[in-house]
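The listed protein sequences derive, respectively, from chains A and B. The first sequence begins at 364 in our numbering and counts up one residue at a time. The second sequence begins at 38 in our numbering and counts up one residue at a time. Think of the CB as a built atom: it goes at the ideal place given N, C-alpha and C, for glycine as much as any other residue.
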Amino acid sequence: NAGVTQTPKFRILKIGQSMTLQCTQDMNHNYMYWYRQDPGMGLKLIYYSVGAGITDKGEVPNGYNVSRSTTEDFPLRLELAAPSQTSVYFCASSYSGTGGAYSQPQHFGDGTRLSIL
Amino acid sequence: AQSVTQLGSHVSVSEGALVLLRCNYSSSVPPYLFWYVQYPNQGLQLLLKYTSAATLVKGINGFEAEFKKSETSFHLTKPSAHMSDAAEYFCAVTSGNEKLTFGTGTRLTIIP
């Protein structure tokens with residue numbers, strides 16, 4: 364019963380490098396999300412997906428890209444890493460609900476702590 | 038548009054005392070409201086959710102929250118704090134068809 368799994372847990376990057384943060388879920392959820400969490404700022408939505416092959420921008424998409432080729436996987440790619448992207452990144456998933464697409468609780472992974480130096 | 042305000046970024050209570058974490062929301066339609074808890078170096082876990090079935094919602098670990106439409110509030114309470122309750126707590130709101138909006142969080146410290 365893994366839920367949402369994120370890898371790696373920690374990473375240090377140099378400015379200008381790129382990397383992919385992995386996220387996979389085993390609950391057959393159609394909706395998946397990427398957030399970043401910065402101290403005192405709560406969670407900001409980077410990208411989200413409502414199903415395989417469908418992605419869309421959230422509140423803070425600049426500097427990131429996503430893809431969703433399967434229901435289970437939703438990787439987040441950082442191109443040309445910048446110090447402003449130092450953060451904790453969370454992947455989450457949910458069902459769409461009868462009360463509205465976003466009415467169901469989201470399930471979160473344990474996060475990837477990323478430092479860019 | 039929807040928004041969430043959590044009053045108090047840090048709250049300290051003594052072990053055994055009442056825990057009260059405040060959340061006020063703004064929504065143009067009846068909302069769905071959630072409280073999540075985040076322990077150090079972990080992701081967010083659902084504590085409880087309000088979906089209009091009952092105004093007093095009971096969650097895990099002895100927490101509960103009361104939906105008050107007239108005050109646009111959804112405060113989280115626990116009668117007696119335990120050391121294991123030390124964590125960060127997030128309130129979140131959605132109309133159902135808008136993506137979830139999170140508050141900025143309240144860090145709860147328990148004093149032995």
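Cβ neighbour criterion (16 or more within 10 Å) applied to residue i
{"i": "A/R431", "result": "buried"}
{"i": "A/G331", "result": "Because chain A here runs from 364 to 480, residue 331 of chain A falls outside it and cannot be looked at."}
{"i": "A/D389", "result": "exposed"}
{"i": "A/M404", "result": "exposed"}
{"i": "A/Q467", "result": "buried"}
{"i": "A/G379", "result": "exposed"}
{"i": "B/I97", "result": "exposed"}
{"i": "A/R399", "result": "buried"}
{"i": "A/A365", "result": "exposed"}
For residue i, the first and last residue of its enclosing beta strand (DSSP E)
{"i": "B/K105", "result": "101 to 105"}
{"i": "A/D389", "result": "Per DSSP, A/D389 belongs to no beta strand (DSSP E) and is neither H nor E."}
{"i": "A/K420", "result": "417 to 420"}
{"i": "B/K115", "result": "110 to 115"}
{"i": "A/F437", "result": "Taken as a continuous stretch (DSSP letters only), A/F437 belongs to no beta strand (DSSP E), as it is neither H nor E."}
{"i": "A/Q369", "result": "367 to 370"}
{"i": "B/E135", "result": "It is not in any beta strand (DSSP E) - B/E135 carries neither H nor E in the DSSP assignment."}
{"i": "A/N425", "result": "Careful: A/N425 lies outside any beta strand (DSSP E) and carries neither H nor E."}
{"i": "A/R374", "result": "373 to 376"}
{"i": "B/T143", "result": "143 to 148"}
{"i": "B/A123", "result": "Careful: B/A123 lies outside any beta strand (DSSP E) and carries neither H nor E."}
{"i": "A/T449", "result": "Counting along the chain, A/T449 falls outside any beta strand (DSSP E), and DSSP gives it neither H nor E."}
{"i": "B/L58", "result": "56 to 58"}
Interface flag, residue i vs chain A, CB-CB below 9 Å
{"i": "B/L55", "result": "no"}
{"i": "B/K62", "result": "It should be noted that the sequence gives Tyr, not Lys, for residue 62 of chain B. No, no contact with chain A."}
{"i": "B/T131", "result": "yes"}
{"i": "B/T92", "result": "no"}
{"i": "B/Y73", "result": "yes"}
{"i": "B/S49", "result": "no"}
{"i": "B/E135", "result": "yes"}
{"i": "B/Y126", "result": "no"}
{"i": "B/S40", "result": "no"}
{"i": "B/K86", "result": "yes"}
{"i": "B/S65", "result": "no"}
Residue-level contact to chain B via CB, residue i, 9 Å cutoff
{"i": "A/F453", "result": "yes"}
{"i": "A/H392", "result": "no"}
{"i": "A/G426", "result": "no"}
{"i": "A/G414", "result": "no"}
{"i": "A/F437", "result": "no"}
{"i": "A/M357", "result": "Because chain A spans 364 through 480 in this model, residue 357 of chain A falls outside it and cannot be assessed."}
{"i": "A/D473", "result": "yes"}
{"i": "A/Y410", "result": "no"}
{"i": "A/V423", "result": "no"}
{"i": "A/V367", "result": "yes"}
{"i": "A/L406", "result": "yes"}
Distance, residue j Cα to residue i Cα
{"i": "B/S51", "j": "B/A118", "result": "7 Å"}
{"i": "B/P149", "j": "B/M120", "result": "7 Å"}
{"i": "B/K95", "j": "B/E108", "result": "20 Å"}
{"i": "B/T42", "j": "B/T138", "result": "10 Å"}
{"i": "B/Y69", "j": "B/G133", "result": "6 Å"}
{"i": "B/H64", "j": "B/Q39", "result": "Checking the displayed sequence, the identity of residue 64 of chain B turns out to be Ser instead of His. C-alpha separation (whole angstroms): 5 Å."}
{"i": "B/A129", "j": "A/Q469", "result": "11 Å"}
{"i": "A/S459", "j": "A/L480", "result": "38 Å"}
{"i": "A/Y411", "j": "B/E125", "result": "24 Å"}
{"i": "B/Q27", "j": "A/G472", "result": "This structure does not reach residue 27 of chain B, given that chain B is present from 38 up to 149, and the question cannot be answered."}
{"i": "A/G416", "j": "A/N393", "result": "11 Å"}
{"i": "B/Q48", "j": "A/P438", "result": "The amino acid occupying residue 48 of chain B in the given sequence is Val; Gln does not appear at that position. Those two C-alpha atoms are separated by around 36 Å."}
{"i": "A/M395", "j": "B/Y76", "result": "22 Å"}
{"i": "B/K86", "j": "A/F373", "result": "31 Å"}
{"i": "A/K377", "j": "A/G463", "result": "41 Å"}
Q) Quick one, which residues of the segment 457 to 468 of chain A are near chain B if we go by CB-CB under 8 Å, in chain order? A) Listed by position, the residues of the segment 457 to 468 of chain A near chain B (Cβ gap below 8 Å) are G460, G462, G463, A464, Y465, S466, P468.
Q.
Which residues of the segment 97 to 118 of chain B have a Cβ closer than 9 Å to any Cβ of chain A? Give them in chain order.
A. Within the segment 97 to 118 of chain B, no residue has a Cβ that lies closer than 9 Å to any Cβ of chain A.
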